[in-house]
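Below is one structure, written out as structure tokens; comments come after it.
Residue numbers (the working numbering): -19 to 35.
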């Protein structure tokens, strides 16, 4: 993974809302999956935006 990708992912994780952080650590599988999917979508948008900037 390039440093640019690592930095983009780190920025997303750093600004993740508290509810995502909390739900990633919960024992409730529905809440955890919702948080995982939301975080994955946030990362995908950030990576897509970065790719658009490089093109």
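The beta-carbon is built from N, C-alpha and C at its ideal position, and this holds for glycine as well.
Quick check on the burial criterion: 16 or more other C-beta atoms within 10 angstroms. Buried or exposed for residue i?
| i | result |
| --- | --- |
| residue 31 | exposed |
State yes or no: is the C-beta of residue i within less than 8 Å of the C-beta of residue j?
| i | j | result |
| --- | --- | --- |
| residue -12 | residue 19 | no |
| residue 21 | residue 4 | no |
Rounded to whole angstroms, what is the Cα-Cα separation between residue i and residue j?
| i | j | result |
| --- | --- | --- |
| residue 1 | residue 13 | 12 Å |
| residue 28 | residue -8 | 13 Å |
| residue 24 | residue 11 | 20 Å |
| residue -10 | residue -18 | 12 Å |
Which residues in the same chain as residue i place their Cβ atom closer than 8 Å to its Cβ, once the five residues preceding and following it in sequence are excluded?
| i | result |
| --- | --- |
| residue 8 | none |
Apart from the five residues just before and just after residue i, which ones in its own chain have a Cβ nearer than 7 Å to its Cβ?
| i | result |
| --- | --- |
| residue -16 | 30 |
Go to residue i, then tell me how far its alpha helix (DSSP H) extends in each direction, as first and last residue.
| i | result |
| --- | --- |
| residue -13 | -17 to -6 |
| residue 3 | -2 to 4 |
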